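Notes follow once the structure below has been shown.
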Amino acid sequence: MTAMVNNISTVYPTLLSMLTYISPTVKTDGNGYITDLEIKYNPLPANLTLDTYLDAVNFTLYTRDNPTDGEILKLNDVESIRNSHWNATKQTIIVTHGWTHSGEAPVCTTIRDGFLKVRDCNVIILDWSEIADKLIYSVVADIVPYVAHRAASFINFMRTEAGLQTSNLKIVGHSFGAQIAGLSAREVGKSSRVAEVIALDPANVMFQLKKPGERLDKSDAENVQIIHTCSGQFGYYLSVGTSDFYANDGRHQPGCGIDFFGVCAHLRSYKIFAESITNPKGFLGTRADGATAYVGGATLDPNAKGTYYFKTNSEYPYALDG
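Numbering (full-length UniProt numbering), first residue to last: 1 to 322.
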C-alpha cells in the first residue's frame, strides 16, 4: 500500500491532488532517492486569501560580503535596499525553487554559492515556500502565474528605485520555478527586456497544454536556456527555449537507478547547472547537424541555439572530463 501511494503521489501529483485534496511531501537524500513520504491535507484555506500567500513571498539578497547571511529586500520598501549590500553596478541573478522546496533548499543555495564563487554579483533568492511547500500540487500550479507577477513587480521596483539593469539580469528556476522565471521575465519585458532565463527541468504537469505567455517560452527573454533531465514526466518535454539541452536521453539519468518516480532525474538538472557555473566547459552538447555548444555556465554560450544532447557521469562531478 505504501509503495502504491508513493507511486501515485510522485508520478501523478495532479491526479492525487484533484481527487483526494491531499499534499504529499516527498523527502529525498542528497542523490534524489525518496527517504520519507508525508501526506497532509492542504487545500487553500477558506479563511486565507491569495494575497496572504503572495505577501509571504520573500526576496533575499546574498553577495560576497554576506554570502550566507541573507538580507530581505521588500517590495516597494526603498529603505530595505539602502540598508543592504545591494550594488546596482553588479550583475544580478535571481534564483527560485519548485514544489515542496524553499529558498533554503540546495536547488537554490548550491546555485547561489556557485555564482558567488566565480563572480562578484548580487544573488537574490525568491522564496515562495509558503505556497510551494504547503499547498497541493494543482493549487500551486494555478498560483504560479501570480507568483511570477509578484516577482515581476519586484524586478520592476528594483529597476526603477534601485538601478537594476534588466540587460544584466539572469533568472534561474527549477521545475515550477522555471515557469516562474519565464513568466516573470515576460511580464518585465513589457517595459524592459530581461537578458537571460535558465530553466531547469521546467514543470510539465498542468503546463504541457498551455501556450506561450502561459508557460515558459523562448520569447520570454533575450536568451532562454532549458536543461531537460526528466522530460515528459516531471519535466517539460518540448524544445521551447532559445537553446534546449537534453541530458543523456533527457529523461533517465545515470546513477538514479530504477527511479520509478523521476525525483532523482528531476533534481539532476540543478546539479548539472550548478556544476557548470564553476566548470563552464564541462558539458558539451551536440546538435543533430553536428554543431556543438556548452551547457549553462556563469555566462551562457552565445552560440547555443537549437536542440542539443549531452552525456554525463552517474555521480558528481557529472561532467565527463571531471
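Think of the CB as a built atom: it goes at the ideal place given N, C-alpha and C, for glycine as much as any other residue. Quantities reported herein were computed from a predicted structural model and do not represent experimental measurements.
Give the single residue among Ala293, Gly290, Phe310 whose Cα lies nearest to the Cα of Arg251. Phe310
Given this structure, state the Cα-to-Cα distance separating Phe260 from Asn248, to the nearest angstrom. 17 Å
Just mark Asn279 as buried or exposed, buried being the case when its beta carbon has 16 or more other beta carbons within 10 Å. buried
Buried or exposed for Arg82, going by 16 or more other Cβ atoms inside 10 Å? exposed
Relative to the C-alpha of Val147, which candidate in Tyr318, Phe245, Thr96 has its C-alpha closest? Thr96
Asp217 in three-state terms, based on DSSP: coil
Which residue comes first and which comes last in the beta strand (DSSP E) that contains Ile124? 122-127
Can you check DSSP and say which residues form a bridge with Ala105? DSSP, once it has assigned bridges, lists no residue as partnering Ala105.
What residues in its chain sit with their C-beta under 6 Å from that of Gly70, if we drop five residues either side in the sequence? Thr60, Tyr62
For Thr52 and Thr307, what's the separation of their Cα atoms in angstroms? 40 Å
Taking Lys170 as part of the beta strand (DSSP E), name the residues at either end of that continuous run. 169-174
Once DSSP output is grouped into helix, strand and coil, what is the label at Thr278? helix
Would you mind reading off the limits of the beta strand (DSSP E) that contains Asn223? 223-228
Near Phe273, what residues of its chain come up, given a Cβ to Cβ distance below 8 Å and the 5 sequence neighbours on each side ignored? Ile111, Val172, Ile198, Leu200, Ile227, Val295, Gly296
Just how far apart, CA to CA, sit Gly177 and Val144? 8 Å
List the DSSP bridge partners of Ile94. Ile124, Ile171
Less than 7 Å separating the beta-carbons of Thr92 and Leu164? yes
I'd like to check one pair, Gly285 with residue 323: are the Cβ atoms closer than 7 Å? In the structure as shown, the chain starts at 1 and stops at 322, and residue 323 therefore has no counterpart that could be examined.
With 16 other CB atoms within 10 Å as the buried threshold, where does Gly213 fall? exposed
Within 10 Å of its beta-carbon, does Asp120 have 16 or more other beta-carbons around it, so buried, or fewer, so exposed? exposed
How should Asp55 be labelled, buried or exposed, when 16 other C-beta atoms within 10 angstroms of its C-beta is the threshold for buried? exposed
Is the beta carbon of Ser314 closer than 7 Å to that of Gly255? yes
Completely contained alpha helix (DSSP H) runs for the segment 134-200, where each covers 4 or more residues: 137-161, 176-188
Just to confirm the assignment, what range does the alpha helix (DSSP H) spanning Leu284 have? First-last for Leu284: 284-286, but that is the beta strand (DSSP E), not the alpha helix (DSSP H).
Rounded separation between Gly262 and Cys108 - CA only: 20 Å
Can you tell me the Cβ-Cβ gap for Asn204 and Gly232, rounded? I've got them flagged as a contact below 8 Å. 7 Å
Counted within 10 angstroms of its Cβ, other Cβ atoms place Pro67 as buried (16 or more) or exposed: exposed
May I have the straight-line CA-CA distance separating Ala185 from Lys211, to the nearest angstrom? 16 Å
Given a cut-off of 7 Å on the beta-carbon distance, is the pair Asp127 and Asn58 in contact? yes
Measuring alpha carbon to alpha carbon, tell me which of Arg193, Ala319, Val188, Leu135 ends up nearest Arg150. Val188
Between which two residues does the beta strand (DSSP E) containing Leu300 stretch? Careful: Leu300 lies outside any beta strand (DSSP E) and carries neither H nor E.
Taking the alpha-carbon positions, what's the Val224 to Val194 distance? 10 Å
Selected residue, minimal CA-CA separation from Asp244, among Ile94, Ala319, Asp217: Asp217
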